[in-house]
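Just below is one structure, and these are the notes that go with it.
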Ligand code: ARG
């Protein structure tokens, strides 16, 4: 849209610069705005007003500008305002309507490993696990949509102290590997980890078990296999419910065999240092504003840690996929851990060229502003959150439909995911079941309702789907069309910034405008066939866009609302 402006500026400056025109925040005055006149005037040592007038008048003489813009004008103190012609708006929309993925320009293709949802096995999933897994799945879908080659890996936490702890508990109670149940694990984990906090001797024993397991103890390995199977099954069940899937179901234990290679590289570079019997790698840098402590690579008892397995996993991924980037999504309190791991990887010959990104998540809070609890007062298992949400939704009397279980699950998913993804991923937010389960407001059900209602109009009038004419009929109509033009920018922004919230907010804005559109423009009984065709076609394009955006937010569409 801004090629002409770019050309004009290039002629003035005699060099090419990045030129962006922004969507106007005063749609009553113009559609787009360029606010770079001041900076440009400074560079050229010109009066900004004169320069602005000059640019606008040059643009107004370019034939292609006359086709695209009904008005280009300079306004004080330093803006150039653009208003699109109706025919140009419709030309773009027709292109979006016919081309694959709405004809958006795709970024450079890269191979990206994405690591999210890696719960620690042997602990039941609770609300704290929800965010990284939803955010991760959404980001994965955005990356794929933007033509990236993506490999997703859950990277379960399966070789840490918690395994030693539950094995200790199981053995204390004389439970054999084949007798382990999920309930037993859920009971033992908090019990023994509590014990370890009070009792140093037991903690030592658990650490010893973990170490022996890592060293290949057959007995412990049998326990480990069983615990892993049971936990994985439970995690898979929950992730299935959430529509989350992975290419790889690997974990810390799978990276173990790469540790010797990493050790060799670290030694070759002289990076390992002794400290109180442990082996550490210094990662502090001069410019650091906060202290970045060394990564502990191997404990004094010889056991390896979280950082070690993450380094080995990076090595493994390099061998298997040679990725350009690795993205991690986890609770933002792991920020320091990832800073250390990335810095060490950047020092190693084999992994130094990989780009790393850690996308930390804020917590989900209850209406009291504290980490979310069930009404019973405990940190809820995920199932409990799903149940509570379902209850709230069904108790809301704004709807009286009967739902199939399948539809209901989709609606519950939409409530939870839309509540979450509309917030920046790094900020905490308040999950208010009462508010998010409603069919009105900025909620999942509202989006689904809008989609289904629009879809119904289209189905009733499907014979009118065609190309858009050059006409736009009124302000509601124009507002909706203009909003659809923002798709490409929003997708690009969401992709570059790994920001699902941009998609969620954009989707909501579309839905608000669709509602205004069909409340003011009644289609079913319309006799003007040209108008009818244009409107049905517009709504059809709109629902295609909504459906794709919902998919990027991991929300499925029920058969009714
Ligand atoms: N297991 C970790 C946890 O439960 C998350 C794993 C994140 N991924 C990674 N490669 N460290 O907090």
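Residue numbers (my numbering): 9 to 569. Glycine residues also receive a C-beta, built at the ideal position from the N, C-alpha and C atoms. Computed from a predicted structure; not experimentally measured.
In terms of residue numbering, what span does the beta strand (DSSP E) encompassing residue 158 cover?
-> Membership of residue 158 in the beta strand (DSSP E) is indicated by the continuous run 157-161.
Whole beta strand (DSSP E) runs in the region 120-188 with 3 or more residues, listed along the chain?
-> Inside the region 120-188, DSSP marks whole beta strand (DSSP E) runs of 3 or more residues at positions 157-161, from first to last along the chain.
Going by other Cβ atoms of all chains shown within 10 Å of its Cβ, with 16 needed for buried, is residue 8 buried or exposed?
-> Missing from the structure shown is residue 8; the chain here goes from 9 to 569 and no further.
Which whole runs of the alpha helix (DSSP H) in the region 413-477 are 4 residues long or more, in chain order?
-> Complete alpha helix (DSSP H) runs here, min 4: 413-429, 441-444, 452-468.
Buried or exposed: where does residue 149 fall if 16 or more other Cβ atoms within 10 Å of its Cβ makes it buried?
-> If you draw a 10 Å sphere on the C-beta of residue 149, you find 16 or more other C-beta atoms in it, and that means buried.
Hey, is residue 369 close to the ligand ARG, as in C-beta under 7 Å from one of its heavy atoms?
-> In this structure, the C-beta of residue 369 stays at least 7 Å away from each heavy atom of the ligand ARG.
Residue 434 CB to nearest heavy atom of the ligand ARG below 7 Å | Residue 434: no, Cβ never under 7 Å from the ligand ARG.
Sort 311, 444, 102 by Cα distance to residue 169 and report the nearest one.
-> It is 311 whose Cα lies nearest to the Cα of residue 169.
Along the chain, which unbroken stretches of the alpha helix (DSSP H) at least 4 residues long are found entirely within the region 470-549?
-> Within the region 470-549, the complete alpha helix (DSSP H) runs of at least 4 residues fall at 483-492, 495-505, 508-528.
For residue 126, verify whether its CB is less than 7 Å away from any heavy atom of the ligand ARG.
-> Taking non-hydrogen atoms of the ligand ARG into account, the C-beta of residue 126 is found less than 7 Å away from one of them.
Determine the closest residue to residue 504 out of 116, 338, 257, 234, with distance taken between C-alpha atoms.
-> Nearest option by C-alpha distance: 116.
As assigned by DSSP and simplified to three states, the class of residue 287 | The answer is strand: DSSP assigns residue 287 an E or B state.
Where the beta strand (DSSP E) through residue 335 begins and ends = Here the beta strand (DSSP E) through residue 335 covers 333-339.
Does DSSP classify residue 29 as helix, strand or coil?
-> It is coil, neither helix nor strand.
With respect to 7 Å, is the separation between the Cβ of residue 163 and the closest non-hydrogen atom of the ligand ARG below this value?
-> Residue 163 Cβ: within cutoff of the ligand ARG.
The region 266-280 / the region 439-455 touching (three or more Cβ pairs under 8 Å) = Result no; under three Cβ-Cβ pairs closer than 8 Å.
Is DSSP giving residue 368 helix, strand or coil here?
-> Strand, per DSSP.
Beta-ladder partner(s) of residue 304, from DSSP | The beta-bridge partner set that DSSP reports for residue 304 consists of 288.
Rounded straight-line distance, which links the Cα of residue 499 to that of residue 323 = Between residue 323 and residue 499, the C-alpha separation is close to 32 Å.
Please say whether residue 319 and residue 349 have beta carbons closer to each other than 8 Å?
-> Yes, the Cβ-Cβ distance between residue 349 and residue 319 is below 8 Å.
Nearest to residue 567 by alpha carbon, out of 49, 414, 356?
-> If we check each option's Cα against that of residue 567, 414 comes out closest.
For the putative contact between residue 110 and residue 553, defined by C-beta atoms under 8 Å, what is the C-beta separation to the nearest angstrom?
-> So it is a contact: roughly 7 Å between Cβ atoms.
With a threshold of 7 Å, establish whether the CB of residue 348 neighbours any heavy atom of the ligand ARG.
-> No, Cβ of residue 348 sits at least 7 Å from all heavy atoms of the ligand ARG.
From the DSSP output, in three-state form, read off residue 83 for me.
-> Correct three-state label for residue 83: strand.
Would the region 134-154 and the region 248-261 be scored as touching if the rule is three or more Cβ pairs under 8 Å?
-> Because the criterion of three Cβ pairs below 8 Å is met, the region 134-154 and the region 248-261 touch.
Could you check the C-alpha separation between residue 316 and residue 205 for me, to the nearest Å?
-> Rounded to whole angstroms, the separation of the alpha carbons of residue 205 and residue 316 is 23 Å.
Is there contact between the region 333-344 and the region 357-372, where contact requires at least three CB pairs shorter than 8 Å?
-> A contact exists between the region 333-344 and the region 357-372.
Who pairs with residue 319 in a beta bridge, going by DSSP?
-> Per DSSP, none; premise fails for residue 319.
Should residue 510 go down as buried or exposed, given a rule of 16 or more other Cβ atoms within 10 Å for buried?
-> Using a 10 angstroms sphere on the CB of residue 510, the tally of other CB atoms reaches 16 or more, which defines it as buried.
According to DSSP, which residues form a beta bridge with residue 77?
-> DSSP output for residue 77 lists 92 as bridge partner(s).
Enclosing beta strand (DSSP E) for residue 342 [first to last residue] = Note, residue 342: premise wrong, no beta strand (DSSP E); not H, not E.
Rank 495, 483, 565 by C-alpha distance to the C-alpha of residue 36 and give the top, closest one.
-> Nearest C-alpha to residue 36: 483.
Could you check which residue in 232, 241, 296 has the C-alpha nearest to that of residue 260?
-> Ranked by Cα distance from residue 260, the options 232, 241, 296 are led by 232.
In whole angstroms, what is the alpha-carbon distance linking residue 227 and residue 268?
-> Roughly 24 Å between the two C-alpha positions.
Going by beta carbon distance, what residues of the same chain come within less than 7 Å of residue 425, once the five residues before and after it are set aside?
-> Result list for residue 425: 142, 452, 561, 562, 563, in chain order.
Do residue 333 and residue 304 have their CB atoms nearer than 8 Å?
-> No, the pair does not count as a contact, with Cβ atoms beyond the cut-off.
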